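Just remember that the numbering used here sits 104 ahead of the position in the sequence shown, which is counted from 1. Glycine included, every Cβ here is placed at the ideal spot set by N, Cα and C. Since this is a predicted model, take the numbers as computed values, not measurements. Everything on this sheet refers to the single structure shown next.
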Amino acid sequence: MTLLEQTQTIREDTSASVGGMGSVGDYVALLKPRVMSLVIFTALVGMVLAPASQHPVLAAISLLCIAIGAGASGALNMWWDADIDRIMSRTRNRPIPAGKITPSEALAFGATLSGGSVLVLGLVANWVAAGLLAFTIFFYVVIYTMWLKRTTPQNIVIGGAAGALPPVVGWAAMSGTVSVESIALFMITFTWTPPHFWALALVKNGDYKDAGIPMMPVVAGETATRHQILLYSVILLPVGMAPYFLGYATLWYGVAAGLMGAAFLYYAARVWQHREGELARKAALSLFKFSLLYLAGLFAWLLGENVVAGVL
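As structure tokens, this is what we get:
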């Protein structure tokens, strides 16, 4: 039996599982809350930096809609990926492969939240932001999850656009427009995504092989992946400083972004240098963990500068 036939059998077995006993926590897990927290934060920064304002209650509802839309994407991703989630060690305890929620329940949950979040965002903010949110959900679920993830090692590169769009949606929710400044925020996350996920892929290479997912280390090999991580890390350094270059962040942000970009490059260089054994694993894990700090740090600095400027 081929891997495709095995995963199809698993999908059918999973679809036939008895559900309806999922707890509130299981449904929250479907929303991928850790990913959602990053979406909320980057979208908030986009909203705060936008050159327009909205009533605080409407702004809070808009941010909630963006968060729910991101969570709905996660639920639909778990619905489609239930077969491979059961194979991979880091995902086999998710609600669907664990038998707590059926695929049909996850599909209904995700589809309802998707439609509701887009509709409410359009009503309380504007239809530009709602359209961008709808496109984000579509891109993540259809383009990335259903197509790219299982067909190309560039899945993370192209699919990363979905995860990079929340600050653009937040900016549009406040201003009704998409600007160069919001695109710069998009580019930071878009450029950050490949080295971030490929570092994890180096650690979890065996899982991806077993599940038949053509991640870069599986298809191109770990050496080529390390080259790509280093290349994207070099590009990320000036991209991370873009808000300063475009004039909507201070020199202090530019210095901080440059230093953090240099640190990111240092960790990437260690991944490139250490290619075997425990040192290689530790280097990849260190880059993965620092990458989270890097992205959160840049957006937190932008948010802090704006808050301080507003107070002064």
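Cβ-heavy atom distance, residue i to the ligand HEM, below 8 Å
i: E382; result: For the structure depicted, the ligand HEM is absent and the ligand set is empty, with no information on it obtainable.
Candidates the options, of which the one nearest residue i by Cα
i: G344; options: A360, L211, P321 and P318; result: A360
i: I200; options: T249, L180 and A238; result: L180
i: A366; options: L350, K386 and L340; result: L340
i: P257; options: N309, A353 and I170; result: N309
i: L306; options: W296, T249 and A387; result: A387
i: A234; options: P270, V261, T327 and T206; result: P270
i: A413; options: H378, L153, A133 and L142; result: L153
i: L396; options: A373, L383 and I292; result: I292
i: M140; options: G267, N410 and G325; result: G267
i: G220; options: C169, M192, G325 and A315; result: C169
i: P318; options: V338, A328, P342 and K253; result: K253
Boundaries of the alpha helix (DSSP H) in which residue i is found, first to last residue
i: F146; result: Checking the sequence shown, residue 146 turns out to be Thr, not Phe. Looking at the DSSP string, the run of the alpha helix (DSSP H) that includes T146 is P137 to L153.
i: V228; result: P207 to V228
i: E380; result: Here E380 belongs to no alpha helix (DSSP H), and DSSP marks it neither H nor E.
i: V343; result: E326 to G344
i: D314; result: N309 to A315
i: P160; result: P160 to W184
i: I262; result: N259 to A268
i: W231; result: W231 to F242
i: M319; result: Segment: none, M319 is in no alpha helix (DSSP H) and carries neither H nor E.
i: A133; result: V128 to L134
Distance, residue j Cα to residue i Cα
i: T186; j: G203; result: Note on residue identity: the sequence assigns Ala, not Thr, to residue 186. Computed Cα separation, rounded: 10 Å.
i: G214; j: G173; result: 9 Å
i: F263; j: V161; result: Before going further, note that residue 263 is Gly rather than Phe in the sequence given. Cα to Cα, the separation comes out at about 32 Å.
i: S166; j: W376; result: 42 Å
i: A210; j: W183; result: 6 Å
i: F145; j: W302; result: 23 Å
i: V228; j: G178; result: 23 Å
i: A164; j: H300; result: 29 Å
i: Q158; j: G280; result: 11 Å
i: M278; j: W296; result: 25 Å
i: W275; j: M151; result: 5 Å
i: L335; j: L236; result: 29 Å
i: T113; j: M192; result: Any reading at T113 is ruled out, since the residue's pLDDT is 49, under 50, leaving its predicted position unreliable.
Status (buried if at least 16 other CB within 10 Å, exposed otherwise) for residue i
i: G381; result: exposed
i: W356; result: exposed
i: Y370; result: exposed
i: L223; result: exposed
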